[in-house]
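2 protein chains.
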Amino acid sequence: MDPVLVEVTRGARVESSHRGAAVVVDPAGGVAFQAGDIDAAVYPRSAVKALLALPLVESGAADRLGLTDDEIALACSSHSGEEVHVAGATSMLRKAGRDGACLECGVQWPINEAASRRLAAHGGAASALHNNCSGKHSGFICLACDRGEDPAGYVRPAHPTMREVTAALADMTGAALDEGNRAVDGCSIPTYAIPLRALALSFARFGSAQGLAPARAAATRRIRAAVAANPMMVAGTGRFDTRLMTALGARVFSKSGAEGVFCAAIPELGLGLAVKCDDGAGRAAEVATAALIGRFLHPDGAQGEALAGLTQPVLRNWNGIAVGAVRPAGPLA
Amino acid sequence: MDPVLVEVTRGARVESSHRGAAVVVDPAGGVAFQAGDIDAAVYPRSAVKALLALPLVESGAADRLGLTDDEIALACSSHSGEEVHVAGATSMLRKAGRDGACLECGVQWPINEAASRRLAAHGGAASALHNNCSGKHSGFICLACDRGEDPAGYVRPAHPTMREVTAALADMTGAALDEGNRAVDGCSIPTYAIPLRALALSFARFGSAQGLAPARAAATRRIRAAVAANPMMVAGTGRFDTRLMTALGARVFSKSGAEGVFCAAIPELGLGLAVKCDDGAGRAAEVATAALIGRFLHPDGAQGEALAGLTQPVLRNWNGIAVGAVRPAGPLA
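In order, the protein sequences belong to chains V and Z. Using the working numbering, you'd call the opening residue of the first sequence number -1 and step up by one each time. Using the working numbering, you'd call the opening residue of the second sequence number -1 and step up by one each time.
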């Protein structure tokens, strides 16, 4: 039974609570923190996008195509569909000699509601470029084109590009990825159930580069620097990952996944962490991730204040009245 | 420890699970079903809007002001801010000699994303009329004006209108409502923590009218008939309550609340039910409510098919691929 990691209060009472598992490990697999069943396999969903972007960078494809740092960050993103994200994905595809018609992620209106309304107000319509995964998919298409492969069908497990991407995920996590633990993600690529502990280990290695071959180690550093310099590209206005990395820069790398999953690295400490809320709640996974980062990193000054705001966000109603809060609980309190 | 009531699958695995409590009672308080801690106090939030609308109808204010059945349904709603809802709230306020400037619920863009984009595309902006609670608030203003009271400040616990509304809630639930269990709701009115069993009892009484004074009994029948005839007004396009009552008509009355609460009545069986998902997930509360209705009502034909679709909804990704489902679990399986 996983413990309560996060509580949601209203007035003087706990209104809702979130159970889950969380683990922090070093690159050798040593456990620095654990709560709940850390060996349970979970679908990481979008939390491992940075690992799926490794082949794009370490193969040299990103450099050969002239991808910029903000485009590399976008390749790791679950973006909000804001204008800057759509422009970035469009640019990536153009560098590969392609356009949005090649995207196989499906059509989605921008997650950012204001961006969605702006699009509608200008007579626009949702497209695959607005899909929160279009940056990742554009990266896959860039990789395929640089390899001289036809990108068509790149979302399928057997496509050469998806095989290369999946191999990187398997190598970084040490997990076997096959039909037995495979499902289909929101954007139609495969997602594999992987033990939470292995996900944390992969981010300890991603953040420290320990134990990685030189080209991969260089790719992890390049991706981390690209995201730290462009935190807006990895999520969007007001989003957790963007706010966290805007405040803490390269001191943390974090990535949300759907259904309450989060992965993060604390490079200066060589630690990786992974969180899964049993109920799939993103609000709880965010607070748990912020609490774990604070527990190990202890940032002060403006960084500390920003992290505190993410660790115990105040809930306000439609009139701006503070009605409650989300806060770490149990082993995270 | 509350049991798992609902599971979310992806591929062959359970990706997320939702714990909670659920109870079904008759008008005498006899328990027909229980799971989890049914005596825990929960904030019902919007799930009791129909009870808060009782004074508007039983006082005769609704008839004196000429409110139509769709407007009475709107007074019980958490609506999606679609054009029909905004028109209804505007009409209610006009009948009270007021307008949207009197609403104290706060500004909210329509919950319905297409309606929100239509509003933006026509150069419009969000207002309090678009707030999902504007129908309920318009009902409060109608009641205040019919009583000859100044509606200003009607959201405050001490306002005569809110005292009358709160007294109806206390009477129907049998719960003491005071500062000790009070918090502020999303639309700024008070919400009170009430045992789940008492919430179910109030809906057994609301659905059966058993034990109620004649004017109140008539008001419950009037409200139930108004909502059954206008299920679009109580929620909106594609929403659970609207789909459920469109399919089952007056055979059920259901109302969602925020943070995983649901209340419902099955009038022909004299049963009331209440659900609270520990984690606040609406998707799970919906499936639990549908499962409980199916367990007792056993609808067949088209009604049965519609209820089955609400009891085990298929999850599709951005390409329309079926990737999983939400399904009842444990004591609801």
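Glycine included, every Cβ here is placed at the ideal spot set by N, Cα and C.
For L330/V, three-class secondary structure by DSSP | helix
For S76/V, name the three-state secondary structure that DSSP assigns.
-> coil
Which of the three DSSP states, helix, strand or coil, is assigned to R335/V?
-> Summary: the structure shown does not reach residue 335/V, with chain V confined to residues -1 through 331, and so no result is reported for it.
Is N110/V close to chain Z, meaning its C-beta is less than 9 Å from at least one C-beta of that chain?
-> no
Taking the beta strand (DSSP E) that I187/V falls in, what are its first and last residues?
-> Unbroken run through I187/V: none, as it is neither H nor E.
Could you check the C-alpha separation between A198/V and P311/V for me, to the nearest Å?
-> 25 Å
Does any C-beta atom of chain Z lie closer than 9 Å to the C-beta of R237/V?
-> no
Using a Cβ-Cβ cut-off of 9 Å, state whether D277/Z counts as contacting chain V.
-> yes
Who are the neighbours of S14/V on chain Z, taking C-beta pairs under 7 Å?
-> E257, G258, D276, D277, G278
6 Å Cβ shell around A71/Z - same chain, five flanking residues per side excluded | A224, V225, N228, M231, V232
Straight-line Cα distance separating R249/Z from T334/Z = No information on residue 334/Z is available, as it lies outside the stretch -1 to 331 that chain Z covers here.
Around the C-beta of H296/Z, are 16 or more other C-beta atoms found within 10 angstroms, so that it is buried, or is it exposed?
-> exposed
Find the residues of chain Z that neighbour R338/V, judging by a C-beta separation of less than 7 Å, and give them in chain order.
-> Look at the range of chain V in this structure, -1 to 331, and you will see that residue 338/V is not part of it.
Mind checking which residues open and close the beta strand (DSSP E) that includes D261/Z?
-> According to the sequence provided, residue 261/Z is Cys. The question's Asp does not apply to it. Unbroken beta strand (DSSP E) run through C261/Z: 259 to 264.
On the three-state DSSP scale, how would you describe G121/Z?
-> coil
Limits of the alpha helix (DSSP H) - the one that T244/V falls within = 238 to 246
Would you please verify whether the beta carbon of N315/Z is less than 9 Å from any beta carbon of chain V?
-> yes
So is P53/V buried or exposed if we call it buried at 16+ other beta carbons inside 10 Å?
-> buried
Pairwise C-alpha distance: V21/V and A288/V = 13 Å
Extent of the continuous alpha helix (DSSP H) run through L396/V = In the structure displayed, chain V extends from -1 to 331; residue 396/V sits before or after that span and is not available.
Beta carbon of G258/V nearer than 9 Å to that of S78/V | no
Alpha carbon to alpha carbon, how far is K93/Z from D298/Z?
-> 42 Å
Would you identify the three-state DSSP class for V163/V, choosing helix, strand or coil?
-> helix
May I ask you to report which of helix, strand or coil DSSP gives I337/V?
-> Absent from the structure is residue 337/V, since the part of chain V shown begins at -1 and ends at 331.
From the DSSP output, in three-state form, read off C131/V for me.
-> coil
Do you know offhand how far A211/V's Cα is from G28/V's?
-> 21 Å
Among L313/V, S14/V, L63/V, R222/V, which one has its Cα closest to the Cα of S136/V?
-> L63/V
State the CB to CB distance for the pair P42/Z and C261/Z, rounded to an integer number of angstroms; the pair is presumed to be in contact (CB under 8 Å).
-> 7 Å
Just by C-beta distance, which residues in the stretch 88 to 103 of chain V are closer than 7 Å to chain Z?
-> C103
In chain order, what residues of the same chain have a beta carbon less than 7 Å from the beta carbon of Q301/Z, not counting five sequence neighbours either side?
-> A245, L246
Smallest Cα separation from A323/Z: which of G58/Z, L330/Z, G307/Z, W316/Z?
-> G307/Z
Whether F238/V touches F201/V by CB criterion (9 Å) | no
Going by the beta-carbon positions, is the gap between A286/Z and L330/Z smaller than 9 Å?
-> yes
Where do the ends of the alpha helix (DSSP H) carrying R222/V lie?
-> 212 to 227
Nearest CA to the CA of R203/Z: which residue from S14/Z, P1/Z, V46/Z?
-> V46/Z
Residue range of the beta strand (DSSP E) that includes S14/Z = 11 to 23
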